[in-house]
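Have a look at the structure below, then the notes.
There are 6 protein chains.
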Amino acid sequence: MMMSPDTSPVRASARALDELRPLSIETGYTRYAEGSVLIRAGGTHVLCNASVLDKVPPFLKGRGQGWVTAEYGMLPRATHTRGDREAARGKQSGRTQEIQRLIGRSLRAVFDLQALGERTLHLDCDVLQADGGTRCASITGAWVAAALAVRGLLDGGAIAADPIRDSVAAVSVGLVGGVPMLDLDYGEDSGCDADVNVVMTGAGGYVEVQGTAEGLAFERATLDRLLDLARDGIARLASLQREALQRPA
Amino acid sequence: MMMSPDTSPVRASARALDELRPLSIETGYTRYAEGSVLIRAGGTHVLCNASVLDKVPPFLKGRGQGWVTAEYGMLPRATHTRGDREAARGKQSGRTQEIQRLIGRSLRAVFDLQALGERTLHLDCDVLQADGGTRCASITGAWVAAALAVRGLLDGGAIAADPIRDSVAAVSVGLVGGVPMLDLDYGEDSGCDADVNVVMTGAGGYVEVQGTAEGLAFERATLDRLLDLARDGIARLASLQREALQRPA
Amino acid sequence: MMMSPDTSPVRASARALDELRPLSIETGYTRYAEGSVLIRAGGTHVLCNASVLDKVPPFLKGRGQGWVTAEYGMLPRATHTRGDREAARGKQSGRTQEIQRLIGRSLRAVFDLQALGERTLHLDCDVLQADGGTRCASITGAWVAAALAVRGLLDGGAIAADPIRDSVAAVSVGLVGGVPMLDLDYGEDSGCDADVNVVMTGAGGYVEVQGTAEGLAFERATLDRLLDLARDGIARLASLQREALQRPA
Amino acid sequence: MMMSPDTSPVRASARALDELRPLSIETGYTRYAEGSVLIRAGGTHVLCNASVLDKVPPFLKGRGQGWVTAEYGMLPRATHTRGDREAARGKQSGRTQEIQRLIGRSLRAVFDLQALGERTLHLDCDVLQADGGTRCASITGAWVAAALAVRGLLDGGAIAADPIRDSVAAVSVGLVGGVPMLDLDYGEDSGCDADVNVVMTGAGGYVEVQGTAEGLAFERATLDRLLDLARDGIARLASLQREALQRPA
Amino acid sequence: MMMSPDTSPVRASARALDELRPLSIETGYTRYAEGSVLIRAGGTHVLCNASVLDKVPPFLKGRGQGWVTAEYGMLPRATHTRGDREAARGKQSGRTQEIQRLIGRSLRAVFDLQALGERTLHLDCDVLQADGGTRCASITGAWVAAALAVRGLLDGGAIAADPIRDSVAAVSVGLVGGVPMLDLDYGEDSGCDADVNVVMTGAGGYVEVQGTAEGLAFERATLDRLLDLARDGIARLASLQREALQRPA
Amino acid sequence: MMMSPDTSPVRASARALDELRPLSIETGYTRYAEGSVLIRAGGTHVLCNASVLDKVPPFLKGRGQGWVTAEYGMLPRATHTRGDREAARGKQSGRTQEIQRLIGRSLRAVFDLQALGERTLHLDCDVLQADGGTRCASITGAWVAAALAVRGLLDGGAIAADPIRDSVAAVSVGLVGGVPMLDLDYGEDSGCDADVNVVMTGAGGYVEVQGTAEGLAFERATLDRLLDLARDGIARLASLQREALQRPA
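Chains as they are written, first to last, in the working numbering: chain A, 3 to 251; chain B, 3 to 251; chain C, 3 to 251; chain D, 3 to 251; chain E, 3 to 251; chain F, 3 to 251.
Right, dumping it as structure tokens:
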């Protein structure tokens with residue numbers, strides 16, 4: 003996938019600096035969810051299930067609109083060393099909550115909640131294997147799962163108009179050893195100087211930009227270059243999302 | 003797999019009464035765990051990861067022996083309707099704790115904890131899709147994951163002697179509409195009169211027998227017939243476990 | 003109570019192998035519960051209180067039937083060494099939850115929940131002193147407490163027909179030093195090779211069979227012998243339960 | 003016990019205004035605790051167990067002194083209507099914590115923690131049946147349980163000198179319908195205008211005075227009268243505590 | 003403030019034994035609360051906010067009366083050494099719960115809950131800086147915040163009659179080095195022999211008296227002297243509360 | 003402060019689009035913290051306390067370096083309507099955790115943790131009153147508190163070299179009604195189309211950029227304009243931080 007001529011000596015994976023990891027989006031991965039997707043971005047594998055629930059949170063009751071929300075989890079041994087099971091420890095970490103809030107906001111940004119009707123689209127993103135970029139893969143996969151669930155609602159006549167206004171996808175970009183690059187894997191991410199998670203619509207609008215200096219603060223020019231890389235990466239992700247939806251389930 | 007001549011009209015799946023569901027054991031499913039297995043028993047899919055941890059629980063410190071333990075989880079949308087995420091709710095249900103205690107006890111029954119040395123073998127069993135019998139599939143898969151992790155310890159010279167004395171596997175049997183049958187799926191399990199989860203070693207010894215009357219109390223003769231079915235089913239499971247370990251990873 | 007001619011040299015208590023511990027069932031032990039029983043099985047003392055609550059769990063609302071459920075607890079110093087207070091630690095252990103689920107299932111197995119009407123019978127089993135077999139004593143005592151509470155409902159005209167179809171009682175059996183024996187005390191239980199908790203109705207049907215190999219796996223013949231012992235023990239328990247109910251309160 | 007000539011028409015129980023409820027202190031109630039007492043003050047029954055633990059809290063480590071602490075609980079059906087089980091709800095109520103802190107402080111007031119040595123005396127006070135005054139009965143009973151545990155330490159040679167400087171006991175007094183009275187039961191307590199829990203040493207010194215206006219604020223003269231009643235009641239309690247310790251176990 | 007001629011050599015602060023710490027009550031400290039007060043008693047600073055909520059606790063629903071309740075917190079670095087943040091630790095300490103229950107009871111003692119109507123007055127007392135006596139300052143300040151909130155309800159016509167029957171205030175008194183003194187600061191409190199927290203109405207009635215022997219038990223005469231000191235101190239506090247309410251906001 | 007000629011008709015506060023809210027930084031606000039600051043940005047008031055703790059988190063033990071971390075809280079009635087007290091509810095919200103993680107990362111970005119030595123600088127940011135931008139005010143104030151604490155360490159000789167490499171401050175910028183503006187208050191923030199929280203060093207490097215589309219996705223040009231506004235605003239904040247440190251405490 004995506005063979006780039008200027009293969010970079012910089013990256014352990016021999017990817018070009020502006021090259022996404024091999025991405026696959028497997029639809030219908032589990033049987034019961036209204037939309038189910040296993041997204042694999044290189045070694046990062048996330049199971050994204052969309053559930054249609056006939057209820058809305060209390061603050062929306064009786065207002066004739068729907069809600070889109072997300073929960074995120076990482077299996078204890080998705081990573082190099084085993085992490086605590088959050089259910090056993092009795093609470094979700096700050097990181098988990100931060101990520102699931104981000105996924106929910108990102109999805110809502112492309113939904114017409116009125117058109118969804120008084121129901122909740124609940125996205126569960128569970129990381130089976132983690133090699134960096136799990137929040138971005140979750141958003142990209144969750145949108146496909148959501149689109150599948152919405153297709154079911156449309157096909158079944160539960161809603162008349164498509165509540166999805168655009169696609170949404172996410173990618174991380176970062177400065178590694180002073181070099182800007184696209185779609186960091188775990189090795190790149192853990193040693194980077196700065197990384198930015200970018201969430202954009204299919205039409206190229208920004209939904210979220212979350213940039214963090216890991217070591218020293220970064221310059222405006224660096225940010226500009228990283229945003230360029232992200233924009234091009236997300237255009238390719240949006241195209242792969244569309245392809246996944248066009249394949250027979 | 004396992005075509006039985008006397009295919010039963012009783013079962014929705016057209017399986018014979020003494021027929022296991024199609025079973026596959028995929029080793030090396032994830033990349034980082036010391037042993038990783040995706041076990042599929044019909045529509046029940048469980049990811050079993052074995053982690054080797056260089057520590058033991060406090061009550062075993064300095065006693066020169068190891069420990070084997072397990073945790074169990076079900077992804078929120080593994081089932082027909084979405085269940086609460088235990089990490090979000092802040093605690094594991096009684097059912098979850100009961101199952102993970104059972105998995106741990108079952109594995110320990112075939113381990114020589116002295117030979118394991120002062121380390122913990124931690125089994126994580128996460129249900130990706132649930133169609134009945136998740137605790138049994140977890141035990142059967144977890145043993146294979148544990149065996150893979152132990153093989154790594156032996157190959158790497160960390161331990162000298164194999165701490166695994168025998169295989170262990172589990173299956174459910176039940177009385178459905180008055181008919182004893184093997185390896186219940188969700189539809190059979192939710193309507194059964196009695197079900198028994200049986201955990202046995204490869205040599206045919208009992209590790210656990212957990213029988214429950216769902217409706218009326220059951221007779222000794224019923225229990226005997228169910229235990230017969232379980233014994234034969236587990237013999238086949240033990241054979242499939244061995245095959246899985248002989249395949250190249 | 004129950005002097006057996008073949009008094010065994012095997013047991014520290016000089017009990018015969020098929021002999022129950024001295025059992026007493028004191029009704030009316032506390033004043034406010036609709037049914038209150040202090041059951042003493044040797045050194046194991048459990049206070050079983052039955053409360054009648056005019057509500058049912060959410061999943062049963064408006065379905066015109068009742069519910070029977072149980073909670074279990076052990077006072078911190080019921081045992082040889084003080085255990086943590088679960089209320090102070092902030093959660094019930096897996097063991098506690100497993101036991102209270104077992105008690106609830108066992109009681110429900112002999113109840114006609116329709117005949118109970120839309121109310122809950124809540125059993126609280128609190129162990130004041132523990133010398134093995136607390137879950138079995140809890141079930142045996144809880145049934146008597148439940149029967150007392152139901153008698154009150156019948157006497158008061160709250161229900162017309164007795165919702166209790168049969169009695170239910172439980173006993174542990176085990177293999178100690180290779181010898182099958184009935185009704186293990188703590189010393190026997192902690193050193194046994196296998197133990198089975200058996201829950202049966204007064205009519206002799208099985209409600210639960212929970213057998214566990216503590217050391218090596220056990221044979222089918224062992225299981226058969228243990229089930230024989232349990233059947234006879236439970237017949238005696240059922241008779242003692244009936245006597246307790248016939249005594250003036 | 004305590005027949006008073008001026009039997010009062012005011013009290014439902016026909017007790018005199020300055021009369022304690024019938025009090026019994028049964029020692030050796032459970033088998034394993036180093037000191038075990040069932041105290042019954044009228045319909046209030048509290049099991050007080052004293053455990054000797056060979057450790058001290060972190061803030062006392064290595065300081066060559068001991069600690070005395072308490073935990074309190076009420077069985078769910080100790081009262082007229084069933085209360086939540088704190089272990090199931092996942093936390094102790096504010097009331098529970100307030101009471102157990104009070105019991106601990108009261109006991110420590112009569113202990114020489116240096117003489118106790120580097121160990122903890124842990125008092126568990128569990129209310130089996132509640133008819134008012136459970137915190138006072140807990141203190142009075144806990145002191146006897148503590149004294150029994152200390153006697154064991156002295157008899158066994160673990161400590162050389164008695165760390166108990168005096169006895170401690172508690173009683174409630176209150177203004178009911180404008181009339182000051184001693185040792186309120188639940189009916190009196192729930193309708194009173196003011197109640198005061200008083201904790202005093204055998205020598206008559208104050209350890210705690212906790213007075214609360216339930217309706218209108220009360221006068222200094224009322225407080226004085228209530229403190230007089232409490233002083234006399236506690237003198238009788240102290241005498242009953244001494245008697246309990248002199249009985250053969 | 004309050005220059006006393008007989009300045010005491012006993013107190014580090016050179017205060018007279020019967021002298022309050024300099025007290026200021028700043029109303030309108032925050033913008034949104036219906037009543038907001040920053041009370042400073044020497045180095046103890048507590049922000050007391052009163053919120054009017056249009057709901058009552060479940061046990062009062064539909065009974066046409068209101069409720070007054072309080073919560074208390076201490077900022078982690080209000081004290082000499084940083085304490086845990088209770089929200090991060092996941093529970094309120096026993097001390098916190100004891101204090102907030104005391105504040106709530108104290109305020110309710112002077113409220114006509116019928117006249118308040120079916121609404122809740124919720125007092126939040128948050129200690130910004132702690133130099134002893136935080137519970138007393140909380141009560142004294144909370145009453146002023148409550149009075150401001152009630153004034154708003156009266157001015158806005160939400161209620162017709164003033165539900166506040168009297169003022170309420172609190173002070174600590176104690177025996178330090180054998181000397182009775184008023185309004186202990188942290189240094190005095192941590193070394194005292196006995197301390198009593200006294201809550202009284204403006205009319206001089208007792209609402210709460212909470213006396214504790216820190217070292218040896220104390221005599222009745224000591225208690226009497228401490229109650230005298232408290233009475234006079236509270237009279238001055240009541241006067242300062244009235245002044246604060248008369249100042250323009 | 004900061005009178006801008008082009009006062010905007012767009013803003014309710016009549017501020018210019020590129021104008022900060024009146025900002026005050028009061029040092030020494032509480033007595034015990036090693037650094038204490040009350041920062042007021044318009045109606046947003048945050049108490050920032052820096053504590054020096056002689057320990058580091060477990061993952062840093064024995065590595066000769068320090069740590070900087072933060073906790074954030076909002077008093078229940080800091081806002082228009084009362085929010086739950088997180089300590090009472092038993093957990094910190096996802097929003098709280100997200101903010102405190104951001105504050106900690108932002109501070110660490112300008113610290114040389116080696117130079118700090120094996121100790122922790124713990125920042126507590128507690129919002130007394132909230133009118134938008136509380137996370138930004140927390141970062142800006144926390145840096146001043148941290149600098150005061152570090153000054154104490156330097157003055158006392160605990161460390162030889164200043165571990166602070168630069169200042170750090172934060173501001174929010176947003177698109178309100180299509181108009182980019184600086185330092186949103188609550189009214190502006192709750193109705194904005196997009197907002198970006200920007201954290202920058204005194205030297206003008208980016209530490210964090212967190213942009214979120216609240217309604218429609220935003221354009222790159224919008225992001226650029228917002229980043230320009232933030233850069234200028236933060237330059238002014240950095241100057242105010244320096245001034246605050248130069249004032250006598």
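All C-beta atoms in this analysis are idealised placements derived from N, C-alpha and C, irrespective of residue type, glycine included.
Query, Result
"Distance, residue 243 of chain C Cα to residue 207 of chain C Cα", "17 angstroms"
"Chain A within 7 angstroms of residue 111 of chain F, Cβ atoms only", "yes"
"At least three beta-carbon pairs within less than 8 angstroms, the stretch 216 to 235 of chain F to the stretch 175 to 187 of chain F", "yes"
"First through last residue of the beta strand (DSSP E) which encompasses residue 208 of chain A", "208 to 215"
"Nearest-angstrom Cα separation, counted from residue 12 of chain A out to residue 19 of chain A", "8 angstroms"
"Any chain B beta carbon closer than 7 angstroms to residue 203 of chain C", "yes"
"Residue 79 of chain B versus residue 32 of chain B: straight-line alpha-carbon distance, rounded", "20 angstroms"
"Assigned exposure category for residue 190 of chain C - 16 Cβ within 10 Å defines buried", "buried"
"Check whether residue 48 of chain B and residue 143 of chain B have beta carbons under 7 angstroms apart", "yes"
"Residue-chain proximity (residue 215 of chain E, chain D), Cβ-Cβ < 7 angstroms", "yes"
"Opening and closing residue of the beta strand (DSSP E) in which residue 154 of chain D lies", "Unbroken run through residue 154 of chain D is the alpha helix (DSSP H), 136 to 157; no beta strand (DSSP E)."
"Under 8 angstroms by beta carbon: chain F residues contacting residue 93 of chain E", "89 and 92"
"C-alpha gap between residue 200 of chain A and residue 93 of chain E, whole angstroms", "37 angstroms"
"Straight-line Cα distance separating residue 84 of chain C from residue 101 of chain C", "20 angstroms"
"Residues near residue 241 of chain D by beta carbon distance below 6 angstroms, same chain, minus five either side", "none"
"DSSP-derived helix/strand/coil call for residue 243 of chain A", "helix"
"Whether residue 39 of chain B touches residue 146 of chain B by CB criterion (7 angstroms)", "yes"
"Unbroken stretches of the beta strand (DSSP E), 3 residues or longer, contained in the stretch 6 to 56 of chain F", "25 to 29, 37 to 43 and 46 to 55"
"Unbroken beta strand (DSSP E) run spanning residue 163 of chain E, endpoints", "Taken as a continuous stretch (DSSP letters only), residue 163 of chain E belongs to no beta strand (DSSP E), as it is neither H nor E."
"Sheet register partners of residue 127 of chain E (DSSP bridge)", "E:50 and E:74"
"Pairwise C-alpha distance: residue 89 of chain B and residue 125 of chain A", "15 angstroms"
"Residue burial classification, residue 165 of chain F (beta-carbon count within 10 angstroms, cutoff 16)", "buried"
"From C:212, C:176, C:188 and C:211, residue whose alpha carbon lies closest to that of residue 196 of chain C", "C:176"
"Beta-carbon proximity of residue 2 of chain C to residue 112 of chain C, cut-off 7 angstroms", "Beyond the ends of chain C as shown, which are 3 and 251, falls residue 2 of chain C; an answer cannot be given."
"Distance, residue 172 of chain E Cα to residue 138 of chain E Cα", "5 angstroms"
"Under the three-state DSSP convention, the category residue 250 of chain F falls into", "coil"
"Secondary structure of residue 60 of chain A, DSSP reduced to three states", "helix"
"Short CB-CB distance (under 7 angstroms) between residue 51 of chain A and chain B", "yes"
"For residue 81 of chain A, the three-state DSSP class (helix, strand or coil)", "coil"
"Distance between residue 95 of chain C and residue 210 of chain D (C-alpha atoms, nearest Å)", "36 angstroms"
"Residue 4 of chain C, DSSP secondary structure in three states", "For residue 4 of chain C, the predicted model reports a pLDDT of 39, less than 50, meaning its position is unreliable and no value from the coordinates is stated."
"Neighbourhood of residue 131 of chain C by C-beta, 7 angstroms cutoff - its chain only, sequence neighbours within 5 removed", "45, 46, 47 and 80"
"Cβ-heavy atom distance, residue 144 of chain C to the ligand NAD, below 6 angstroms", "This structure lacks the ligand NAD, and indeed carries no ligand of any kind."
"Residue 277 of chain A, DSSP secondary structure in three states", "Missing from the structure shown is residue 277 of chain A; chain A here goes from 3 to 251 and no further."
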